[in-house]
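Following our numbering, the numbering of the first sequence begins with -5 at its first residue and continues without gaps. Step one of this worksheet: look at the structure below.
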Amino acid sequence: MQTPYQVYQRLFKQYGPQHWWPADTAFEVMVGAILTQNTSWTNVEKAIVNLKKEKALNCNKIVAMQEKQLASLLKPVGYFNVKARRLKNFCHWYQNTRQPEKNDTEKLRKQLLAINGVGPETADDMLLYAFHRPVFVIDAYTHRLFTRLGLIEGEPDYEELRQWFEKKLQRVDDKVKVFNEYHGLIVQHAKQHCTARKPLCETCCLKRVCVFHCHSLG
DNA sequence: ACCCAGGGTCATA
DNA sequence: TATGACCATGGG
-5 MQTPYQVYQR LFKQYGPQHW WPADTAFEVM VGAILTQNTS WTNVEKAIVN LKKEKALNCN
55 KIVAMQEKQL ASLLKPVGYF NVKARRLKNF CHWYQNTRQP EKNDTEKLRK QLLAINGVGP
115 ETADDMLLYA FHRPVFVIDA YTHRLFTRLG LIEGEPDYEE LRQWFEKKLQ RVDDKVKVFN
175 EYHGLIVQHA KQHCTARKPL CETCCLKRVC VFHCHSLG
C-alpha cells in the first residue's frame, strides 16, 4: 500500500510546485477562503477583481461598506448575500483582534471557528496559507480522491480525516511547506482526474496506487 | 435542461 | 447526531 507521503511525491513529480495560495496578501488569502466556499476559483477571481477595482479589498473598508453594496461586488461567486455577511463577520473579528498571529494554532483555530460563516475548511485554509501553521486542509477533492484510491476506510468526518493526514505526515521535515504543496497538488490533480462526473481514475499518475489496491482486495 | 464547483448554517426529529 | 433545505453564479 502506498503511503500518503508517497502519493505526495508522485503528485509533486507530476505537477511540480503549485505556488499556493493564489493571492497577493494574507488578507486576500482569507477573503478568498470565504468566497470559494462551494464555488469554483474562476468565479472567486472575478469577485476579487471587483473588490480591487473598488479599492475594497481592505478590512476597514469592508466593515464600513453597506452589506448590499458589498454583495453586489460579490455577485460572481454566488451566495453573494450570505458571503457578504460572512465577510463582514470575519472582518469584524480581524479588526478587533490585536496580533492574532501571536496565538498558538489551537487557540487561533477556535477563534476562527467561532466566526459565523467560517467552518473547518475555511479556518484551515486561513491557518495554513495566511498564518503559515502546519494544518492539513481537507476539502471535497481530498475526501473523494483518497476514498477512490482506497487509502481511507469508512466515512470519516472532517476532523478525523485531518488527524489521519497529520499523523501520517508527522515525520516530514517542513510541514508548512509540504502541507501547502500537497493540498494544491490534490486540487490540481482532482480537477483533472477525480471529478464527480468522471469517476474513474484510469490513466493518471496515481494509477498504480489504485491498481495495487484493487489487486490487494483479491 | 442538468450537474457541478477549492462549504457552512440553521431548523427539525 | 443526523439528515435536509437553503444559499446562487458561471462553466461544462
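Just so it is clear, CB atoms sit at the ideal spot from N, CA and C, and this is done for glycine as well. Fair warning: this is a prediction, and the values are worked out from it, not measured in the lab.
Problem - Pairwise C-alpha distance: K96 and G72 - result: In the first sequence, residue 72 corresponds to position 78, counting from 1. In the first sequence, residue 96 corresponds to position 102, counting from 1. Taking the straight line from one Cα to the other gives about 34 angstroms.
Problem - Three CB pairs or more closer than 8 angstroms across the segment 134 to 148 and the segment 102 to 114 - result: Inter-segment contact for the segment 134 to 148 and the segment 102 to 114 is absent: fewer than three beta-carbon pairs are separated by less than 8 angstroms.
Practice task
Please report how far the alpha carbon of K40 lies from the alpha carbon of Q186, in whole angstroms.
Solution key: Taking the first residue of the first sequence as 1, we reach residue 40 at position 46. Taking the first residue of the first sequence as 1, we reach residue 186 at position 192. When rounded, the distance between both Cα atoms is 22 angstroms.
Practice task
Tell me, to the nearest whole angstrom, how far the beta carbon of V131 is from that of E115; I am working on the premise that it is less than 8 angstroms.
Solution key: Taking the first sequence and counting its residues from 1, the one referred to as residue 131 is at position 137. Taking the first sequence and counting its residues from 1, the one referred to as residue 115 is at position 121. So it is a contact: roughly 6 angstroms between Cβ atoms.
Exercise for the section: Identify, in the order they occur along the chain, each residue of the same chain with its Cβ nearer than 6 angstroms to the Cβ of W15, setting aside the five sequence neighbours on each side. Expected result: Along the first sequence, one-based indexing puts residue 15 at 21. Correct list, in chain order: V23, Y123.
Exercise for the section: If I'm right that I28 touches F84 with Cβ under 8 angstroms, what's the distance once you round it to whole angstroms? Expected result: Here residue 28 refers to the residue found at position 34 when the first sequence is read from its first residue. Here residue 84 refers to the residue found at position 90 when the first sequence is read from its first residue. With a Cβ gap of about 6 angstroms, I28 and F84 count as contacting.
Handout entry: For C199, three-class secondary structure by DSSP
Key = Your numbering for residue 199 matches position 205 in the first sequence. Correct three-state label for C199: coil.
Exercise for the section: Go ahead and label G113 buried or exposed: buried means 16 or more other beta carbons lie within 10 angstroms of its beta carbon, across all protein chains shown. Expected result: One-based indexing of the first sequence puts residue 113 at position 119. G113 should be labelled exposed.
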